[in-house]
Amino acid sequence: MSAVDAHTAASIMRNCFQGPLMKNRTVILVSHHIQLVSPAATYIVALEKGDVMYAGDRAGFIAGGFMEDLDKENEMEPAGPPAQDQKDLVDSKAKNKHLILTPEASEPASETTSLAESSTVVDEEEKGAASQPERRAPRKLVEEERRATAVLIGASPPVWENGWLSRWSSSYSDPNDNHSATYYVVGYGILTFVGVLATTFRFAVLYYGSIQASVKIHKRMLERILFATIRFHDTSVRGRTLNRFGKDMEGLDSSTADNFGRTVFYALNVVITFLAITYVGGRYFVAFSIVLFVIYFQAGKVFSASSRDMRRLDSTTKSPLYAIFGEAIAGKASFSILLASHSHYSYREFLGVQVLRAYGASRNMFKLMMKVADSNMSSFIWYWTLNRWISARFNLLSSAVVGVTGVVCLVTGASAASTGFALSFAGTVSGDLLFVVRRFVSLEQSMVAMERIVEYSELPQEGPEFVEPRPPASWPSQGAIDVSKLVIRYAPELPNVLHGISFHVEPTQKVGIVGATGCGKSTLALSLFRFVEPTEGSIEIDGLDISRVGLTDLRQRVTIIPQDPTILSGTLRSTLDVFDEYSDDEIYEALRRVHLLSKDEQQANGGNVNANAEEEGRNRNMFKDLDNTVSEGGENYSQGEKQLICMARAILKRNKILVMDEATASIDYETDELIGKTIREEFSESTILTIAHRLATIIDYDKVLVMDKGHIAEYDSPEALLKDHKSKFYALCKATGNAEFKNLRRMAAQAEAMRKAKLS
0 MSAVDAHTAA SIMRNCFQGP LMKNRTVILV SHHIQLVSPA ATYIVALEKG
50 DVMYAGDRAG FIAGGFMEDL DKENEMEPAG PPAQDQKDLV DSKAKNKHLI
100 LTPEASEPAS ETTSLAESST VVDEEEKGAA SQPERRAPRK LVEEERRATA
150 VLIGASPPVW ENGWLSRWSS SYSDPNDNHS ATYYVVGYGI LTFVGVLATT
200 FRFAVLYYGS IQASVKIHKR MLERILFATI RFHDTSVRGR TLNRFGKDME
250 GLDSSTADNF GRTVFYALNV VITFLAITYV GGRYFVAFSI VLFVIYFQAG
300 KVFSASSRDM RRLDSTTKSP LYAIFGEAIA GKASFSILLA SHSHYSYREF
350 LGVQVLRAYG ASRNMFKLMM KVADSNMSSF IWYWTLNRWI SARFNLLSSA
400 VVGVTGVVCL VTGASAASTG FALSFAGTVS GDLLFVVRRF VSLEQSMVAM
450 ERIVEYSELP QEGPEFVEPR PPASWPSQGA IDVSKLVIRY APELPNVLHG
500 ISFHVEPTQK VGIVGATGCG KSTLALSLFR FVEPTEGSIE IDGLDISRVG
550 LTDLRQRVTI IPQDPTILSG TLRSTLDVFD EYSDDEIYEA LRRVHLLSKD
600 EQQANGGNVN ANAEEEGRNR NMFKDLDNTV SEGGENYSQG EKQLICMARA
650 ILKRNKILVM DEATASIDYE TDELIGKTIR EEFSESTILT IAHRLATIID
700 YDKVLVMDKG HIAEYDSPEA LLKDHKSKFY ALCKATGNAE FKNLRRMAAQ
750 AEAMRKAKLS
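Position 129, counted from 1, in the sequence shown is what numbering that gives the first Met the number 0 calls 128; the numbers after and before it change by one each time, with no gaps.
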């Protein structure tokens with residue numbers, strides 16, 4: 000509830016949780032938004048540090064001092080709804096058996112949908128209704144041959160060895176040949192040894208070059224992915240990236256060079272074989288070889304086209320399998336699911352295995368994964384069926400080659416040595432021709448994988464990290480921000496999100512940015528860091544256009560605390576102090592400033608966990624030891640704790656400009672007030688831009704920027720805007736409920752009086 004604006008929160012409360020959708024249902028709502036949800040609650044449970052502080056009705060909750068800021072007259076008044084809806088709300092509450100309130104505020108509004116919307120979507124999908132797929136970057140899902148290296152193959156046809164053996168056998172009928180058997184044995188051994196060295200050398204050169212190329216290609220693709228525009232990451236499915244770094248790179252590392260080398264080797268073998276047989280058989284064999292070549296070519300053409308389609312289908316059905324499995328476990332990411340057939344996919348939002356289990360959908364997801372796996376395995380089986388098909392036909396054709404070679408030798412009256420020489424090559428043509436086709440087809444597939452990798456190696460990039468001349472080391476020294484006629488769109492084909500907005504922020508001013516969900520607040524914050532580049536207009540910080548500043552310099556000098564905090568795995572120390580710039584005492588002090596440690600709590604001695612940790616219970620403060628492990632994505636911390644960790648990291652940096660995008664949406668109101676006090680103390684000399692749905696967070700700021708559909712609707716002090724009953728800010732504050740509205744007006748008046756006192 001804290002992650003959406005007041006109008007939206009009131010609408011959700013009125014139309015969803017108190018509406019007909021929840022009739023005769025028990026609703027358990029977990030929320031920090033006490034003022035909004037408690038009036039409709041039949042039963043309230045208050046928790047603190049894992050213990051139940053209160054459990055009972057709302058009257059007892061208020062009497063216990065949990066809602067001291069609400070007026071007595073508003074105790075039973077629902078927050079937010081208009082007066083004409085009061086009767087409906089009373090009737091609705093009477094019909095609802097229990098309402099303990101709410102979806103966790105840790106998820107942004109854009110990632111959640113109502114149960115009504117979800118059920119409608121499911122019904123439409125089950126009926127096979129046409130759905131518009133989410134816009135994604137173009138992709139080609141083509142698999143490489145995983146088992147290409149499993150085929151055992153010998154060296155090239157030993158022309159010189161067979162020729163030496165032919166000469167050796169004919170020496171017995173040549174009266175002029177006086178060489179002993181030792182001479183031929185030694186000669187044969189030397190030729191064999193040279194052949195082994197040549198074969199080893201060619202593969203050494205081939206694979207060394209392949210490894211060097213793979214390293215460079217992988218490095219380039221990784222750099223392009225890491226520095227790709229935010230647009231790419233927003234429109235790309237994780238499974239696609241995993242497929243390129245996994246299957247495609249595996250094929251490039253282990254298959255491409257081998258397929259290329261062996262295609263060349265086998266092709267040379269076939270050429271030498273036919274030249275050798277032609278040398279013995281003459282024009283008769285040439286005529287027959289032309290006929291065989293036509294038959295071979297047609298069979299190989301059918302195999303190439305069919306196997307390529309099977310491999311493409313194999314790859315296409317593999318990416319959804321990667322995505323479903325990985326993202327169902329990790330959660331909070333969109334992934335493709337199979338709806339009607341293996342050729343039709345749609346993108347849906349899930350929150351991971353917890354939601355699947357909560358809704359009893361684990362078995363359905365298992366069936367879905369098995370269906371996708373069956374589709375993938377079917378294409379794989381058909382691919383190898385094609386391999387058996389081509390093997391049978393090539394073996395028949397190769398038998399014909401051996402038979403024709405024997406007939407030609409008889410017709411031409413070739414010697415026994417020459418006949419043996421020709422037949423020995425004819426016996427190898429079966430395997431050579433088969434593997435030429437197989438390897439060439441695999442090489443084609445490897446090249447498709449290469450194309451897919453090259454596609455990700457040429458992704459559009461963000462601006463350069465450094466631009467000369469670099470800004471002064473003290474920049475920004477004042478913290479003034481000028482936004483002039485700023486137009487932002489996320490892609491050339493998409494409509495504008497910000498429509499030529501202009502405003503000025505004085506140094507050290509505190510500005511709150513509010514507005515309805517989707518009005519462009521977060522887009523404005525992203526543009527300050529050039530995550531999205533301006534289509535028109537400019538942003539200047541201390542008179543310097545940020546488009547002329549390298550991204551590293553810009554993002555190191557300006558701090559953002561996002562709504563969805565980013566926590567890296569490692570230790571708590573490495574998360575807070577990424578570049579090892581601060582002492583432990585400074586880090587602990589930052590943790591105390593954000594109230595993750597109380598003033599009387601001391602850090603663990605020597606970085607070790609307190610020996611009496613077991614006595615402290617399961618709620619032992621994990622922030623007392625900087626060596627505590629932080630799991631991937633900070634999953635061992637709550638959403639609120641992760642936001643506070645990001646805030647502690649910002650306090651350590653103490654930059655001149657701080658942007659907070661719903662940085663306290665997942666934090667309770669009491670802690671939010673303490674954090675607000677800390678921010679005002681720690682960043683009193685800094686410029687602060689705060690995007691907030693909790694109006695109490697920014698009600699005492701210098702100015703409030705009200706946005707509406709990508710435009711600036713209002714920009715003035717909170718006190719001035721609240722005096723105008725027609726202002727949008729007034730309507731936002733009014734939507735929070737009468738009690739909260741009175742509190743907001745009081746806080747705004749006090750803040751204005753303090754500002755005037757300072758100026759005087």
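Heads up, the beta-carbon is just placed ideally off N, CA and C, and yes, glycines get one too.
- Within the same chain, Cβ atoms closer than 8 Å to the Cβ of H594 are found at L643, T670, L673, I674, T677, the five residues on either side in sequence being excluded.
- Setting aside the 5 residues that flank it on each side, S630 is surrounded in the same chain by S568, each with a C-beta closer than 8 Å to its C-beta; the list follows chain order.
- For the alpha helix (DSSP H) assignment, the uninterrupted runs of no fewer than 4 residues enclosed by the stretch 7–37 are, from N- to C-terminal side, 33–36.
- Linking K652 to E539 through their CA atoms gives a straight-line distance of about 21 Å.
- Per DSSP, A479 is not a residue of any beta strand (DSSP E), being assigned neither H nor E.
- DSSP places H503 in the strand class (E or B) of the three-state scheme.
- Counting every other CB atom within 10 Å of its CB across the protein chains shown gives D583 a total below 16, marking it as exposed.
- DSSP places V486 within a strand segment (E or B) once states are collapsed to three.
- Residue pairing by DSSP places A227 opposite Q460 in a beta bridge.
- Looking at the backbone, the Cα of Y700 and that of Q562 are separated by about 20 Å.
- At the C-beta level, A647 and R592 come within 8 Å of one another.
- With a cut-off of 8 Å on Cβ pairs, the stretch 451–458 is in contact with the stretch 244–253, counting three or more such pairs.
- By the neighbour-count definition (other C-beta atoms within 10 Å, threshold 16), E718 is a buried residue.
- Comparing C-alpha distances from I276 to each of A416, D715, K215 shows the shortest one belongs to A416.
- Between the C-alpha atoms of K623 and G536 there is a straight-line separation of about 47 Å.
- For D544, DSSP records a beta bridge to E539.
- T522 and V482 have their alpha carbons spaced roughly 13 Å apart.
- Residue pairing by DSSP puts M659 in a beta bridge opposite I560, T689.
- 8 Å or more divides the Cβ of L497 from the Cβ of V513.
- In this structure, V705 places its C-beta atom within 8 Å of the C-beta atom of A712.
- Taken in chain order, the whole beta strand (DSSP E) runs of length 3 or more contained in the stretch 391–469 number zero.
- Excluding five sequence positions before and after L721, the CB atoms of its chain that fall closer than 8 Å to its own CB belong to F728, Y729, C732, L743, R744, A747, given in chain order.
- With 16 or more other Cβ atoms from the protein chains shown falling within 10 Å of its own Cβ, N258 counts as buried.
- Per DSSP, A45 is not a residue of any alpha helix (DSSP H); the beta strand (DSSP E) it occupies stretches across 43–47.
- Residue burial annotation: P471 is exposed, with fewer than 16 other C-beta atoms found within 10 angstroms of its C-beta.
- The C-alpha of F530 lies about 20 Å from the C-alpha of W474.
- Shown here, Y382 sits in a helix according to DSSP, grouped into three states.
- With contacts defined as CB atoms closer than 8 Å, I690 and K484 fail to qualify as a contacting pair.
- Residue pairing from DSSP places V629 in a beta bridge opposite G569.
- Each residue's CA atom was taken as its position, placing G64 and D660 some 31 Å apart.
- The count of Cβ pairs closer than 8 Å, one atom from the stretch 426–435 and one from the stretch 221–241, stays below three, leaving the stretches out of contact.
- If you check the CB distance, A8 and L35 come in under 8 Å.
- Relative to the Cα of R307, the nearest Cα in the group S254, A322, S441, T199 belongs to S441.
- Closest in C-alpha terms to A515, from the list G709, V407, R754, N375, comes G709.
- Runs of the alpha helix (DSSP H) lying entirely within the stretch 672–735, each at least 4 residues long, are 694–697, 717–722, 727–733 in chain order.
- Listed in chain order, the beta strand (DSSP E) elements of length 3 or more contained wholly in the stretch 188–254 amount to none.
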